[in-house]
Every structure is written in C-alpha cells, then in structure tokens.
Amino acid sequence: MSDRADRSDDELYASHTLAMGLEKSRFPEATADPRAVSSAIRDELLLDGNSRQNLATFCQTWEEPEVHALMDVCIDKNMVDKDEYPQTAEIEARCVRMLAELWHAPDGPATGCSTTGSSEAAMLGGLAMKRRWEAGRQAKGLSTERPNLVTGPVQVCWHKFARYWDIELREVPMAPGRRLLTAEEVRRHCDENTIGVVPTLGVTFTGEFEPVKAISDALDELERDTGLDIPIHVDGASGGFLAPFCAPDLVWDFSLPRVRSINASGHKFGLAPLGVGWVLWREQSDLPENMIFWVNYLGGDMKDIALNFSRPGGQIVCQYYNFVRLGREGYARVHGACYDTAAYLAGEIAAMGPFEIIYDGDRSRGIPAVSWKLRDGTDPGFTLFDLADRLRARGWQVPAYTLPPACDDQPIQRILVRNGVSRDLCELLVADMQSALAHLEAHPAQVPLGEAEASGFHH
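Written as structure tokens, this is what we have:
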C-alpha cells in the first residue's frame, strides 16, 4: 500500500492527500484515501452556483427524499438491458401508457419511449416526420431533396436536428408585436417539401404557449386548398406536463388529429431527476418501422427506439413514482402553486417602476414564468444586464438576454418558477431586486453592461 493511501487516520485536512492539490491533467499513479478525495471534490463543487437560486433553469433542483432513495436503489440499472431489468422496462412501458392517456392518444397500443431528455425526444419526433415524408415522396416517384421544417423561435435542439439530418430549418423570426409562431406565418412558410410544423408549448425565450390548435386549423385549410398533408410535432418540453393539469381546456395534444407526435421533458415540469425525457406518437403507424430496433425481452421482442444505448434507469423509475405519488391532483397543486408565485412576482416587478411585463405567468397562455423588459422611452441609467450582474452578488441567477432575430435589439429578463422556488424565496428575491435597483440608481453604471459582458447565459 502506498504511503499516501496509508495516512487515512490523519485529521482530514492535514492528510497527505489534501496537503497538495488534486491532479488536474496528469493521470495519477497511486491510489488515494477515498474520504480525502471525496472531501476535496465536494469542496470544489462549492464553487458552483446555488441551484435553488438558479432562476434560469427549467430543470428540477429539488427532489423528495423518496426520490433520492429510489435513485440509490437504481444506480446499477441499465435501461437498455431489458432482459436483465425487465421490471424497469415494464415501469417505462407504464409511463408511456399513462402519457398516451394524459395526452389523449387514440385507443390502441401506446407508442413511445423514454429518452435522456426532451432534446433527444425532439430529434426522434423530427426524424420520424422526415422518414414519413421521404416514404410518401418516394411512393409518388418524387424527389426527396431539400426537406424543410417550419418552426417559431425554438430551442437549440431543433437547430441541431436540422444540421445533423440536412434539413432546412424555416424558423419564423420574431417581429415587433409578434413573438410566437402564428397560423398565418405557417401557411406562408409551408410547401411540398415541408416535413412538419413544430409549435412550442412554452417558448424558451418568454415562456408563452404557441397556438397549436390555430396552427392545426391552418394546416387543415392548407390541405383542403392544396392537398398538402403536413403533420404537427408539438415541442411540449415544458408545457406537456403543465397544460393537462393547469390548463385542461387548452386544445394542443393528440385530441387534434394533425398532431402526430409530442416530446416532453420529465426532468422539467415532469418533476423527475435530471436525465429523462419522453416522446410519443399518435399511433403505431406514425413511427416508421425503419426507426425501430427489436431486442429480446423474456423470450419476446421489445421495441428500442431511442438514439442512446446504455443509460440509467433511475430517472424513469422516479418518473413513475411521481405519476403514482402525485396523480392529476398532485401535479395540479404543485404547478398551481408555481403559477401563483409567478403571478405574485409579475405584480411586484411591475410595481417597481422601470419594467414592462411581457408575460405574467398566466396558466392559460404559458408556463409558470415571468418575463419583462425596460419600459420603452425610459433611461433608468442601467441595463437589464447590470441588474442581472447585481443580483448575482446575492447568489441569484436571473438571466438577461436579447431576443432572437429579428428582435435581437430587445433585451429581456426572465424568471422560471418551478417546484422548490417557493413564495418565501421569491419574497426575498423581490427585496434583493429592490435593493439592487436602489444601488444602481445611486451608483449609475459609467459603462452599462451589454450581453457580451453579462453572465454568459445562452439558450
């Protein structure tokens, strides 16, 4: 045993291991005391931001003790190995069936799978649209070159999808007075090479829902006029776990026949730990056979659809725990509290004076979030980037960023209210915002911060 590893009885921070820094580049030669190494790594992690004060992220930063315990139980479960872990595979199938019912899929076998997040799920939904479009064109002897996808302002995963699979992304830009994809813009941008349209249920920049039903109606009208049958994939990364519970009258899911697939993020408003998303198709026929791989499962065959292979099963088990533990009532209560807190924040921020609320957290219009800008025609002597920087001194991450083209001259700020962002925490945030404003007014920035000098937040 090495001398370094033999000193485990030293007082921890006087130990030989901690008398020197951890290796940063060179692979170590010898073993080291596990307690000392663990303590040193924990100390390094103190330099990360406090996740509960991160009001930029959509992802869960608080979980029940039962979830932590289940994650420990599942640390060795490989989701892809369905023969070795058949009950974990069954739990995944239960989640798919529950989501198919929640999102009003037609009767029949539930078709979908878990993924590592909603980005992978979105790519699977997009790839299925491309494969169906190609098959339809080939059956008619038509070219399959230059496919395109029509979206509003989308998260970067759709840019990745378009680049990886050689698809023209027709991302309808924002315009003054129009921040969302509209039915009129959809008709204007679709043609015979359009593989699908992707409305977002919770646009990442402002938090608002895009009008899925109006877009579906416009595509119905386009089909009557031109014969073009263009499907919808709903990016429900956030809204897929919000609308069913808090806006049940909103029509957005498989209740619309044109909606052929939906992705959602389990680790956002699904309340699961980081690392799980979901993609579902309306019917079995909407998932092209050439996207399915079959694996042996207890003497039979089970579909494997996801892009990734080996991946942990704990997040899926914890997703099922949340479904059973909370039910519709529990999800409505948890998210309802988030919407109430968002409404409180919107009122307090509007009352501060220099801000104009863009989205106030209305549950019928979007996710539990608040977004705002500086009032037009005012010069308070600071920018939103200055405010974001000042709030960081108190540990708060309240992102400031410019909107995408063609509104990239408009800075805004946004707060995302998720489970664990309590009313009490938000009251403290409001007090810190008021203190920050008082400081900025008393000490005007000589050179106001811009986006490049700010926190580095990007979508």
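Residue numbers (this note's numbering): 13 to 471. Each residue gets a CB set at the ideal place from its N, CA and C atoms; glycine is no exception. Being a predicted model, the structure only gives us computed values, none of them experimental.
**OP:** Output the distance between the C-alpha atoms of residue 13 and residue 323, rounded to the nearest integer angstrom.
**Re:** Residue placement at residue 13 cannot be trusted, given a pLDDT of 41 that sits under 50; what the coordinates show is reported in the next sentence. About 35 Å.
Subject >> Cα-Cα separation between residue 333 and residue 88, rounded to whole angstroms >> reply: Rounded to the nearest angstrom, the two C-alpha atoms are 18 Å apart.
Subject >> Anticipated Cβ contact below 8 Å, residue 209 with residue 242, distance rounded >> reply: 6 Å
**OP:** For residue 398, I'd like the list of residues in its chain whose CB is within less than 7 Å of its CB, leaving aside the five on either flank, ordered along the chain.
**Re:** 452, 457, 460 and 461
Original post:
What is the rounded straight-line gap between the Cα of residue 499 and the Cα of residue 144?
Top reply: With the chain covering 13 to 471 only, the question about residue 499 has no answer from this structure.
Original post:
Do residue 249 and residue 277 come within 9 Å of each other at the CB atom, strictly closer than that value?
Top reply: yes
Original post:
When the Cα atoms are used, what is the spatial distance from residue 504 to residue 207?
Top reply: Because the chain in this structure spans residues 13 to 471, residue 504 falls outside the shown range and cannot be described.
**OP:** Please classify residue 41: does DSSP put it in a helix, a strand, or coil?
**Re:** coil
Original post:
residue 130: buried (16+ other C-beta within 10 angstroms of its C-beta) or exposed?
Top reply: buried
Subject >> Bridge-paired residues (DSSP) for residue 316 >> reply: 305
Subject >> Reference residue 86, options 359, 325, 358 and 347, closest by Cα >> reply: 325
Subject >> Cβ-Cβ distance between residue 431 and residue 346 below 9 Å >> reply: yes
Original post:
Which residues does DSSP pair with residue 293 in a beta bridge?
Top reply: 123 and 273
**OP:** Look up residue 179 in the DSSP assignment and say whether it is helix, strand or coil.
**Re:** In the three-state DSSP reduction, residue 179 falls in the coil class, being neither helix nor strand.
**OP:** Round the Cβ separation of residue 231 and residue 198 to the nearest angstrom and send it over; I've been treating them as touching at under 8 Å.
**Re:** 7 Å
Subject >> Integer Cβ distance of residue 444 from residue 386, believed to fall under 8 Å >> reply: Contact doesn't hold; Cβ gap of about 19 Å is too wide.
Original post:
Touching or not, the stretch 277-297 and the stretch 123-137, by the rule of three or more beta carbon pairs under 8 Å?
Top reply: These segments touch.
Original post:
Excluding the five sequence neighbours on either side, which residues of its own chain have a C-beta within less than 7 Å of the C-beta of residue 116, listed in chain order?
Top reply: 265, 266 and 267
Original post:
So what does DSSP say about residue 397, is it helix, strand or coil?
Top reply: helix
Subject >> Pair within 9 Å by beta-carbon distance, residue 472 and residue 159 >> reply: Absent from the structure is residue 472, since the part of the chain shown begins at 13 and ends at 471.
Subject >> Strand pairing of residue 363, partner residues [DSSP] >> reply: According to DSSP, which records beta bridges pairwise, residue 363 is partnered with nothing at all.
Original post:
Is it true that the CB of residue 378 sits closer than 9 Å to the CB of residue 252?
Top reply: no
**OP:** Identify whether residue 30 lies in helix, strand or coil by the three-state DSSP scheme.
**Re:** helix
Original post:
Helix or strand or just coil, what does DSSP make of residue 329?
Top reply: Correct three-state label for residue 329: helix.
Original post:
Using a Cβ-Cβ cut-off of 8 Å (strictly less than) and excluding sequence neighbours within five positions of residue 63, which residues of its own chain qualify?
Top reply: If we look at residue 63 and ignore the five residues flanking it on each side, its Cβ neighbours are 69 and 73.
Subject >> Through-space distance from residue 55 to residue 17, alpha-carbon basis >> reply: At residue 17, the pLDDT of 48 sits below 50, so the modelled position is not reliable; the number obtained from the coordinates is stated separately. If you take the alpha carbons of residue 17 and residue 55, they lie about 20 Å apart.
**OP:** Could you spell out the range, first to last residue, of the beta strand (DSSP E) harbouring residue 210?
**Re:** Per DSSP, residue 210 is one residue of the beta strand (DSSP E) stretching across 206-210.
**OP:** Could you tell me the boundaries of the alpha helix (DSSP H) in which residue 80 lies?
**Re:** 77-85
Subject >> residue 13 - DSSP class collapsed to helix/strand/coil >> reply: With a pLDDT of 41 at residue 13, under the threshold of 50, the modelled position of this residue cannot be trusted, and the question is left open.
Original post:
So what's residue 161 in DSSP terms, helix, strand or just coil?
Top reply: strand
Original post:
Is the distance from the Cβ of residue 136 to the Cβ of residue 163 below 9 Å?
Top reply: no
Subject >> Inter-residue spacing [alpha-carbon to alpha-carbon] between residue 293 and residue 109 >> reply: When the Cα atoms are used, residue 293 and residue 109 turn out to be separated by approximately 11 Å.
**OP:** Taking only the alpha-carbon atoms, compute the straight-line gap between residue 132 and residue 454 and give it to the nearest angstrom.
**Re:** Just so you know, the alpha carbons of residue 132 and residue 454 end up roughly 48 Å apart.
**OP:** Take the Cβ of residue 297 as the centre, count every other Cβ of all protein chains shown within 10 Å, and call the residue buried at 16 or more, exposed below.
**Re:** exposed
Subject >> Sheet register partners of residue 221 (DSSP bridge) >> reply: Paired residue(s): 213.
**OP:** Report the rounded CA-to-CA distance for residue 94 versus residue 371, giving the unit in angstroms.
**Re:** About 44 Å.
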